[in-house]
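A quick write-up on the structure given underneath.
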Amino acid sequence: MTIQEIQEEIISDFSVMGSWEDKYEYIIQLGKELPLIAEEYKTPDNLIKGCQSRVWLHTELKDGKLFFTGDSDAVITKGLVSLMIYVLSGHTPQEIAAADIYFIDAIGLSSHLSPTRSNGLLSMLKQMKLYSIAYQAKINQQ
Amino acid sequence: MEHIANITTGLDIAQIRKDFPILQQQVHGKPLVYFDNGATTQKPQVVIDAEARYYEEYNSNVHRGVHHLSQVATDAYEKARHIVAGYINAAHSHEIIFTKGTTDGINLVANTMSRRFLKAGDSVIISSMEHHSNIVPWQIACEEAGATLKVIPITEKGELRMDVYESMLDDTVKMVAVTYVSNTLGTVNPVQDIIALAHARNIPVLIDAAQAIQHISIDVQALQPDFLVFSGHKIYGPTGTGVLYGTTEWLNKLPPYQGGGDMIKTVTFAKTIYNELPYKFEAGTPNIAGSIALGTAIEYLQQIGLPEIQQREEALMAYAMQELRKIDGIRFIGDAQNRSGVISFLVHNIHPFDMGELLDQQGIAVRTGHHCTEPLMDLFQVPGTVRASLTFYNTKEEIDKLVAGVKRAASMLL
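First to last, the sequence lines map onto chains A and B. In terms of the working numbering, the first sequence opens at residue 1 and continues consecutively. In terms of the working numbering, the second sequence opens at residue 1 and continues consecutively.
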């Protein structure tokens, strides 16, 4: 699936959830279920420090595609991190750098991407884009 | 339980809540429950009107024009200074300096004090529970002077170790700067003793009253701080306003902070003669509308009555503590005997951010995070707390909603 198709799938999943409780219970479940990152990668280098919750991000390039793993100490953030990774992981740096991320807004959680919330998610998305641009530059040099 | 019944006595809260237009709204489809008063308080209509009226009717620069509007604006601005002076019982209104807020006031004192009176080998005392705004300016001052910043430790309950404080007061100490009420723990510090002990050694004291001025009656002539600072927006006034109180003696001793218009008497390229107090510290066009509206906010508070407000807030606080204690897995960060305004807590191992987010979904506004007191969070070894801060317009029903909301969030997160 393309990045856009994955976002559409998530939006469609969320559209059937009626109440705020359903939506958050789903995100919390995602956060609880996913052992997102190997402990060895929870290094200060991989820490994206937000004001409220901490987010770790690890990036690997395999066969021309970027793979992300991540974690957070807040479970709602962790659920959103797992959604973001689900959308962007396994695509080429070029696709990631060019991607328009609109699903967070569409599922009614836009405040999570506002700088005032500073929960690390916005910084994580920026970091993912920066990595993809850097990897793309590296690929272009080869 | 008798004191809880008192919550309804004295003040007509239903009527008072109508004075605050913002409290009438819904958030996420639920009536707003505002428990973030420690961050900023809401504004009564009279304050909003006072600010608007300045721009509608007499907007003009102060202390300058000979024309009518300038005189009206100057009179209103100076009246606000008198109102503030009266509220804290300052001996002279020129001891009231209008600032941008608490942070601005502390920076003014830290900067000017250190330029004239702080040298290598000296020290400044603050406490472990200071807001960043009462840490960083002193760090900068000490760094530039080659002085040392010393920190009064606290107990597990979040109370100052006064015995240690006393032993810290030696000849190197040139300044003591402590908070009256902790913005994170709610601890009310024994500022009277702190000042008396410092004064016994001729050491000046700055009191950060940002979290006290709206809850506790302050008489600067009785308390005798050398400096006392607070923000207008935490006492129902506009943002970007604040007050530095200083004794005439100290304000005269300090050099000017910022240079510019209004703070001068005469200027030549060779030498400038500075203006007298309070104008010496009010360079440039001040926040005229804001300061006037801050005066209105204080008048509003005085009309309701600070003793009545204090009584109601104590009863609300007691009820909130009693009800929150019943929540399974709750622990309080700071459990001081003498507390005001704020309650910091955590439930089981739930991240404060998760709790805050799910409370927000229920229309309940609390603060989550480190509350600009990172060293304090490190001491308690927590990433942050959930902070509910109350004021007199809050109700028993709102506390019940908070407790139910915390339980609801915990059941979803655990």
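We put the CB at the ideal spot given by N, CA and C, even for glycine. All of these numbers come straight from a predicted model, not from anything done at the bench.
Residue pairing for R331 (chain B): DSSP places it in a beta bridge opposite B:L346.
Ranked by Cα distance from V84 (chain B), the options B:I48, B:V188, B:G158 and B:V243 are led by B:V243. Annotation for N37 (chain B): S389 and T391 place their beta carbon closer than 6 angstroms to its own, counting only its chain and skipping 5 residues before and after. Listed along chain A is no residue with a C-beta nearer than 8 angstroms to that of H131 (chain B); the closest approach is about 15 angstroms.
Residues of chain B with a Cβ closer than 8 angstroms to the Cβ of W20 (chain A) are, in chain order, H28 and Q361. Annotation: the continuous alpha helix (DSSP H) that includes D378 (chain B) extends over E374 to F380. Sequence-distant partners of G10 (chain B) (beyond 5 residues in either direction) whose C-beta falls short of 7 angstroms from its own C-beta, in its chain, are E308, Q311 and R312. Interface residue (Cβ-Cβ distance to chain A less than 8 angstroms): E78 (chain B) is not classified as such. For S128 (chain B), the secondary structure class from DSSP, reduced to helix, strand or coil, is coil. Assignment of T241 (chain B) by DSSP, reduced to helix, strand and coil, places it in the coil class.
Selection B:A198, B:R201 and B:Y236 evaluated against Q211 (chain B) yields B:Y236 as nearest (Cα-Cα).
The alpha carbon of G295 (chain B) has as its nearest neighbour, out of B:F98, B:T266, B:R325 and B:V191, the alpha carbon of B:F98. Under the three-state reduction of DSSP, I139 (chain A) is assigned to helix. Taking a beta-carbon distance threshold of 8 angstroms, D73 (chain A) counts as an interface residue toward chain B.
Here K174 (chain B) is actually not in contact with L254 (chain B); their C-beta atoms are around 13 angstroms apart, not less than 8 angstroms. Judged by beta-carbon spacing, I333 (chain B) lies within the 8 angstroms limit of S344 (chain B), meaning their Cβ atoms are closer than that value.
Within the DSSP bridge table, the entry for Y274 (chain B) names B:I264 as partners. A137 (chain A) and P93 (chain A) have their C-alpha atoms some 9 angstroms from each other. Listed along chain B, the residues sitting closer than 7 angstroms to E25 (chain A) by beta-carbon distance are M412. Excluding the 5 residues flanking it on each side, G369 (chain B) has same chain C-beta neighbours closer than 6 angstroms at G384, in chain order.
In the three-state reduction of the DSSP assignment, L169 (chain B) falls in the coil class, being assigned neither a helical nor a strand state. Between the beta-carbon of G79 (chain A) and that of G18 (chain A) there is about 18 angstroms, and that puts the pair past the 8 angstroms contact cut. Residue burial annotation: G232 (chain B) is buried, with at least 16 other C-beta atoms found within 10 angstroms of its C-beta. Residue environment for P21 (chain B): exposed (fewer than 16 other C-beta atoms within 10 angstroms of its C-beta). The Cβ-Cβ distance between S291 (chain B) and T247 (chain B) does not fall below 8 angstroms.
Two segments are said to touch when three or more pairs of C-beta atoms, one from each, lie closer than 8 angstroms; by this definition the region 187-201 of chain B does not touch the region 62-74 of chain B. Boundaries of the alpha helix (DSSP H) harbouring K396 (chain B): K396 to L413, taken from the DSSP string.
If you check each beta-carbon in the region 268-298 of chain B against every beta-carbon of chain A, none falls closer than 8 angstroms. In the displayed model, K78 (chain A) falls within a helix according to three-state DSSP. Y245 (chain B) sits away from M263 (chain B), with the two beta carbons spaced by 8 angstroms or more.
According to the DSSP secondary-structure assignment, L57 (chain A) is paired through a beta bridge with A:G70.
Residue burial is scored here from C-beta neighbours: G64 (chain A) has fewer than 16 other C-beta atoms within 10 angstroms and is therefore classed as exposed. Taking CB atoms only, D262 (chain B) has no neighbour in chain A less than 8 angstroms away. Within chain A, the residues placing a beta-carbon under 9 angstroms from that of P383 (chain B) are Q52, S53, R54, D73 and A74, ordered along the chain. H351, F353 and D354: these are the residues of the region 337-356 of chain B whose beta carbon lies less than 7 angstroms from some beta carbon of chain A, given in chain order.
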